[in-house]
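Following: one structure in structure tokens, then a few remarks.
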Amino acid sequence: MVRSVPSPSHPRPVDPDVDLSDPDERAELRPGPWPVLGAIAVGGALGALARHGLAVTFPHEPGDFDGATLAINTSGCFLIGVLMELVATVWAGRRLVRPFLGVGVLGGYTTFSTYVVDVQQSVDAGAVDTALVFLAVSVVAALAAVAAGSALAERALRRDPPTDPGLIADPGLIADPGLIADPGLIADPGLIADVGPDLSPGLSADTHADAGGGARDCDGGGSGSGGGAR
Numbered sequence: 042m043v044r045s046v047p048s049p050s051h052p053r054p055v056d057p058d059v060d061l062s063d064p065d066e067r068a069e070l071r072p073g074p075w076p077v078l079g080a081i082a083v084g085g086a087l088g089a090l091a092r093h094g095l096a097v098t099f100p101h102e103p104g105d106f107d108g109a110t111l112a113i114n115t116s117g118c119f120l121i122g123v124l125m126e127l128v129a130t131v132w133a134g135r136r137l138v139r140p141f142l143g144v145g146v147l148g149g150y151t152t153f154s155t156y157v158v159d160v161q162q163s164v165d166a167g168a169v170d171t172a173l174v175f176l177a178v179s180v181v182a183a184l185a186a187v188a189a190g191s192a193l194a195e196r197a198l199r200r201d202p203p204t205d206p207g208l209i210a211d212p213g214l215i216a217d218p219g220l221i222a223d224p225g226l227i228a229d230p231g232l233i234a235d236v237g238p239d240l241s242p243g244l245s246a247d248t249h250a251d252a253g254g255g256a257r258d259c260d261g262g263g264s265g266s267g268g269g270a271r
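This note's numbering applies: residue 42 is where the sequence shown begins, and numbers increase by one.
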């Protein structure tokens with residue numbers, strides 16, 4: 042069976058079960074890429090502006106160690122590690138969080154091009170040792186920052202909620218002598234071993250006498266029945 046592929050000049054088929062005039066049913070259709078692209082564009086602009094502001098605030102001469110770019114990439118990688126944990130757990134169902142914060146803001150904030158240009162400028166200025174140190178430290182710091190951010194975020198998300206000592210070790214709730222060992226509630230002679238008039242010998246005798254009379258009445262009734270039979 043050969044399946045036809047719609048050409049760009051022809052519109053793609055629409056699910057016939059979806060009523061396009063109903064907004065609720067239109068929402069079931071697969072959303073287009075424009076919200077994602079817009080989130081990436083806005084986030085990327087914000088991240089690039091933040092990086093440019095830090096680079097202007099902490100300038101350096103060609104051939105010098107670029108501490109600003111190192112701090113930017115290290116902090117950005119740390120935030121990427123934190124973000125990935127949040128996206129996988131807390132923000133799992135939100136479509137635009139990762140494009141906006143990850144690809145956009147942090148993608149525009151961190152920089153690989155400036156990092157490579159700094160290395161090239163240091164080599165051109167004759168500071169090969171500075172270039173090699175900057176090259177190695179940047180890679181190691183970025184990887185360590187991602188791992189640290191991910192580990193700290195995972196630990197924070199899985200941490201047990203704090204306990205309230207006032208609810209766990211409150212002597213008034215757990216070890217209150219008035220509730221656990223109150224003689225008036227647990228060992229009250231009037232409740233456990235009541236030998237009052239209700240259990241007096243006279244009442245017991247009357248009860249046995251009534252029971253004996255009832256038995257004699259039953260015997261008499263049985264005799265009358267026997268007489269009737271005779």
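For each residue, glycine too, the CB sits at the ideal point set by N, CA and C.
(1) Are at least three pairs of beta-carbons, each pair with one atom in the stretch 93-106 and one in the stretch 159-177, less than 8 Å apart?
(2) Any contact between the stretch 167-185 and the stretch 133-142? By contact I mean 3 or more CB pairs, one from each, below 8 Å.
(3) Alpha carbon to alpha carbon, how far is Leu90 from Val77? Give it in angstroms, no decimals.
(4) Do you know offhand how far Leu198's Cα is from Arg136's?
(5) Under 6 Å Cβ to Cβ from Trp132, same chain only, skipping five residues before and after it: list those, please.
(6) What does a CB cutoff of less than 6 Å around Phe99 pick up in its chain, not counting 5 residues either side in sequence?
(7) Who are the near neighbours of Leu187 in its chain, counting only those whose CB is closer than 8 Å to its CB and skipping five residues on each side?
(8) Would you tell me roughly how many angstroms separate the C-alpha atoms of Val164 and Ser154, rounded to the nearest one?
(9) In the structure shown, what three-state DSSP assignment does Trp132 receive?
Per the coordinate set shown:
(1) yes
(2) no
(3) Residue numbering aside, residue 77 sits at position 36 when the sequence shown is read from its first letter. Residue numbering aside, residue 90 sits at position 49 when the sequence shown is read from its first letter. The alpha-carbon atoms of Val77 and Leu90 are separated by roughly 20 Å.
(4) Within the sequence shown, residue 198 is the residue found at index 157, counting from 1. Within the sequence shown, residue 136 is the residue found at index 95, counting from 1. Roughly 21 Å between the two C-alpha positions.
(5) For the purposes of this step, residue 132 is identified with residue 91 of the sequence shown, where counting begins at 1. Non-local beta-carbon contacts of Trp132 in its own chain, meaning distances under 6 Å to residues more than five positions away in sequence, involve Val138 in chain order.
(6) Indexing the sequence shown from 1 puts residue 99 at position 58. Only Ala109 meet the Cβ criterion.
(7) Within the sequence shown, numbered from 1, the residue matching residue 187 stands at position 146. According to the sequence as given, residue 187 is Val; it is not Leu. So the list reads Cys118, Phe119, Ile121, Gly122, once near-sequence residues are dropped.
(8) Here residue 164 is taken as the residue at index 123 of the sequence shown, counted from 1. Here residue 154 is taken as the residue at index 113 of the sequence shown, counted from 1. Each residue's alpha carbon lies about 16 Å from the other.
(9) As a first step, residue 132 is located in the sequence shown; it is residue number 91 there, counting from the start. In the structure shown, Trp132 sits in coil (DSSP, three-state: anything other than H, G, I, E or B).
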